[in-house]
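These notes concern the structure reproduced below.
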């Protein structure tokens, strides 16, 4: 993959119905754009896994798999990195009520690791959500300076 | 999706997994494979993850569910040939402290004795 030397910022948008069938599409688009940004294969894979988690949450927990509701995924990338916004049309949630999956009592729970996954693989994760409103997840991965 | 091959050495059931353990087909196929072994009376399960390329949070959840389901029946579930990507996920989720992992099949099988 060529090095991304572009000074301008490119943007791409993807809008999908709330069906888990579209998760693979979002993952594939993300991996492609991460490579275009200039990330190596391994980093592109982790970024796409983080976005995958955000899209799954938006479809399952946000829009409750209502196919009439959309999940919007917006990408912006330049040589400094890749930013992604994932938005649902759900009723929102209280972030403070999300249990920490690393707490001993939660370690063997089968669910609840999606947000943790995003935070583990991205440089920045911001979640804007409140009951009654949709959720916006902002993810960012910065391009590391290349050694001379 | 994940392809599953089932073989046994003594009373140890080895599931050779190849592909993606991710939400949807991948997690369903994995869950069904573990449940088939349990229904057949198998209690010692060794998951060979050498061919697993991706595991999302739902895949991790299935792994935890399988561990609990096997344990609840008095069995043990252990991991073999954990690829670096999956090892990283197990480490950050602190599950590396829960699962017994092996890099050698013979040693892994003998550990059930």
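Protein chains in written order, with our numbering: chain A, 472 to 619; chain B, 139 to 251. Cβ coordinates follow ideal geometry from the N, Cα and C atoms, glycine included.
So residue i contacts chain B; which residues on that side make the cut at Cβ distance below 8 Å?
| i | result |
| --- | --- |
| residue 481 of chain A | In chain order: nothing, as chain B lies at least about 26 Å away. |
May I ask which residues mark the beginning and end of the beta strand (DSSP E) holding residue i?
| i | result |
| --- | --- |
| residue 488 of chain A | 481-488 |
| residue 186 of chain B | 182-193 |
| residue 555 of chain A | 552-558 |
| residue 143 of chain B | 140-147 |
| residue 214 of chain B | 214-218 |
| residue 579 of chain A | It is not in any beta strand (DSSP E) - residue 579 of chain A carries neither H nor E in the DSSP assignment. |
| residue 569 of chain A | Segment: none, residue 569 of chain A is in no beta strand (DSSP E) and carries neither H nor E. |
| residue 609 of chain A | 607-613 |
DSSP on residue i, reduced to helix/strand/coil?
| i | result |
| --- | --- |
| residue 596 of chain A | strand |
| residue 539 of chain A | coil |
| residue 231 of chain B | coil |
| residue 161 of chain B | coil |
| residue 117 of chain B | Chain B is shown from 139 up to 251; residue 117 of chain B falls before or after that span and cannot be answered. |
| residue 491 of chain A | helix |
| residue 156 of chain B | strand |
| residue 478 of chain A | coil |
| residue 251 of chain B | coil |
| residue 505 of chain A | helix |
| residue 166 of chain B | helix |
Give a yes or no on whether 9 Å exceeds the smallest Cβ distance from residue i to chain C.
| i | result |
| --- | --- |
| residue 166 of chain B | Within the model displayed, chain C is absent; protein chains A and B are what it includes. |
Starting from the beta carbon of residue i, find every residue of chain A whose beta carbon is closer than 8 Å, and list them in chain order.
| i | result |
| --- | --- |
| residue 192 of chain B | 516, 520 |
List, in chain order, every chain A residue whose beta-carbon is nearer than 7 Å to that of residue i.
| i | result |
| --- | --- |
| residue 232 of chain B | 573, 578 |
Starting from residue i, find everything on chain B with Cβ-Cβ shorter than 7 Å and list it in chain order.
| i | result |
| --- | --- |
| residue 582 of chain A | 199 |
| residue 523 of chain A | 194 |
| residue 585 of chain A | 195 |
| residue 591 of chain A | 230 |
Can you name the residues that DSSP bridges to residue i?
| i | result |
| --- | --- |
| residue 529 of chain A | Residue 529 of chain A pairs with nothing; no bridge assigned. |
| residue 546 of chain A | A:483, A:555 |
| residue 173 of chain B | According to DSSP, residue 173 of chain B bridges with nothing at all. |
| residue 500 of chain A | Partner(s): none; residue 500 of chain A has no beta bridge. |
| residue 150 of chain B | B:147, B:182 |
Which residues in chain A have a C-beta closer than 9 Å to the C-beta of residue i? List them in chain order.
| i | result |
| --- | --- |
| residue 161 of chain B | 491, 494, 523, 527, 531 |
| residue 244 of chain B | Ordered by position in chain A, no residue passes the 9 Å Cβ test against residue 244 of chain B, which lies about 29 Å from the chain. |
Practice problem: Evaluate contact between the segment 214-224 of chain B and the segment 188-195 of chain B, counting only Cβ atoms and requiring at least three cross-stretch pairs below 8 Å. | Solution: yes
Practice problem: Would you check if the segment 150-168 of chain B and the segment 489-497 of chain A touch, i.e. whether three or more CB-CB distances between them fall below 8 Å? | Solution: yes
Exercise. Could you tell me whether the segment 583-599 of chain A touches the segment 511-526 of chain A, using the rule of 3 or more Cβ pairs below 8 Å?
Key: yes
Quiz item: Should the segment 557-568 of chain A be called in touch with the segment 169-185 of chain B, which here means at least 3 C-beta pairs below 8 Å?
Solution: no
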